[in-house]
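Q: Protein chains in written order, with this note's numbering: chain X, 872 to 981; chain L, 8 to 123. In this text, a Cβ means the ideal position worked out from N, Cα and C, and glycines have one as well. Predicted model, so just to flag it, every value in this text is computed and none were measured. My questions will all concern the structure given below.
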Amino acid sequence: QKEVEQDPGPLSVPEGAIVSLNCTYSNSAFQYFMWYRQYSRKGPELLMYTYSSGNKEDGRFTAQVDKSSKYISLFIRDSQPSDSATYLCAMSDRDDKIIFGKGTRLHILP
Amino acid sequence: DTEVTQTPKHLVMGMTNKKSLKCEQHMGHRAMYWYKQKAKKPPELMFVYSYEKLSINESVPSRFSPECPNSSLLNLHLHALQPEDSALYLCASSQDQRTGRGYGYTFGSGTRLTVV
Numbered sequence: 872q873k874e875v876e877q878d879p880g881p882l883s884v885p886e887g888a889i890v891s892l893n894c895t896y897s898n899s900a901f902q903y904f905m906w907y908r909q910y911s912r913k914g915p916e917l918l919m920y921t922y923s924s925g926n927k928e929d930g931r932f933t934a935q936v937d938k939s940s941k942y943i944s945l946f947i948r949d950s951q952p953s954d955s956a957t958y959l960c961a962m963s964d965r966d967d968k969i970i971f972g973k974g975t976r977l978h979i980l981p
Numbered sequence: 008d009t010e011v012t013q014t015p016k017h018l019v020m021g022m023t024n025k026k027s028l029k030c031e032q033h034m035g036h037r038a039m040y041w042y043k044q045k046a047k048k049p050p051e052l053m054f055v056y057s058y059e060k061l062s063i064n065e066s067v068p069s070r071f072s073p074e075c076p077n078s079s080l081l082n083l084h085l086h087a088l089q090p091e092d093s094a095l096y097l098c099a100s101s102q103d104q105r106t107g108r109g110y111g112y113t114f115g116s117g118t119r120l121t122v123v
């Protein structure tokens, strides 16, 4: 079993829809959880950073962490064509070596 | 300044060449990282520097040689590379590693390396 599982997609949704992206993990020691957005030929950009369980909201983005289920989610409200990118979940137990998921390719259809 | 700057953006080198990739940040971050990313794959960790000392080497071949001259700079020296080393090389930095309060990594835009 891989440490971090993420469906690579692609995921296509119409503009304005709510997007749900998620990852599962196996290492119960993970306590730092991140979501990155990566546009083609660019470096990953940190979207959300969460320590331990709970929800965090930033504008149209909401990150959820459920440590009991070893499951994290990223929700994007009112999705825009500019949200089309690859979304990578990442997590760590000690913050000096993060483990990335494979990334989900998201297409927002105008 | 909230950026990690990488140079060059593109590099083509022969298998007998020696070249260097450079990374710079002025956010006061004390941990810096080199990652390698192949197309449609997640970034793979290569090296971690914490307080200017190498703390993690992910069994990277010796043809890749990292260097951290000071807390703001990170270099990756390349020598005798193979075509399969062609990839996007990403630099990243994060805050105080020792307290565990990294608040996530800030990545540069990467150097796209082609080995011919």
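#1: Assign L:Tyr42 to buried or exposed, taking buried as 16 or more other Cβ atoms, counted over all protein chains shown, within 10 Å of its Cβ.
#2: Tell me, to the nearest whole angstrom, how far the beta carbon of X:Lys941 is from that of X:Ser911; I am working on the premise that it is less than 8 angstroms.
#3: Taking 8 angstroms as the threshold (beta carbon to beta carbon), is L:His50 in contact with chain X?
#4: In chain X, which residues lie less than 9 angstroms from L:Tyr56 when you measure between Cβ atoms?
#5: Name, in chain order, the residues that DSSP records as bridge partners for X:Leu980.
#6: Secondary structure at L:Asp92, three-state DSSP: helix, strand or coil?
#7: Less than 8 angstroms between the CB atoms is what I'm expecting for L:Met39 and L:Thr113, so what's the real figure, rounded?
#8: Any Cβ of chain L within less than 8 angstroms of the Cβ of X:Ile969?
#9: Tell me, to the nearest whole angstrom, how far the beta carbon of X:Leu945 is from that of X:Ala934; I am working on the premise that it is less than 8 angstroms.
#10: Who are X:Tyr942's beta bridge partners in DSSP?
#11: Taking the alpha carbon of L:Gln102 as the point to measure from, which residue in L:His17, L:Lys25, L:Lys29 and L:Ser57 has its own alpha carbon closest?
#12: For the beta strand (DSSP E) holding X:Asp949, just list the boundary residues, first then last.
#13: Have a look at X:Asn926, X:Leu977 and X:Lys913 and flag the residue whose alpha-carbon is nearest the alpha-carbon of X:Tyr903.
#14: Would you tell me roughly how many angstroms separate the C-alpha atoms of L:Ser27 and L:Leu83, rounded to the nearest one?
#15: Pull up the DSSP beta-bridge partners for L:Lys26, would you.
#16: Since X:Pro881 meets chain L, which of its residues come closer than 9 angstroms, beta carbon to beta carbon?
#17: X:Asp964 by DSSP, collapsed to three states: which one?
#18: Of all Cβ atoms in chain X, is any one closer than 8 angstroms to the Cβ of L:Thr12?
A: Let me spell this out:
#1: buried
#2: With 8 angstroms as the limit, X:Lys941 and X:Ser911 do not qualify as a contact, their Cβ atoms being about 30 angstroms apart.
#3: For the sequence presented, residue 50 of chain L should be read as Pro rather than His. True, the Cβ-Cβ gap to chain X drops below 8 angstroms.
#4: Those do not exist, as L:Tyr56 stays about 10 angstroms from chain X at its closest Cβ, beyond 9 angstroms.
#5: X:Pro885
#6: helix
#7: Incorrect: roughly 10 angstroms between the Cβ atoms, too far for contact.
#8: yes
#9: 5 angstroms
#10: X:Thr895 and X:Asp937
#11: L:Ser57
#12: Where X:Asp949 is concerned, there is no enclosing beta strand (DSSP E), given that its DSSP letter is neither H nor E.
#13: X:Asn926
#14: 6 angstroms
#15: L:Leu85
#16: In chain order: nothing, as chain L lies at least about 11 angstroms away.
#17: coil
#18: no
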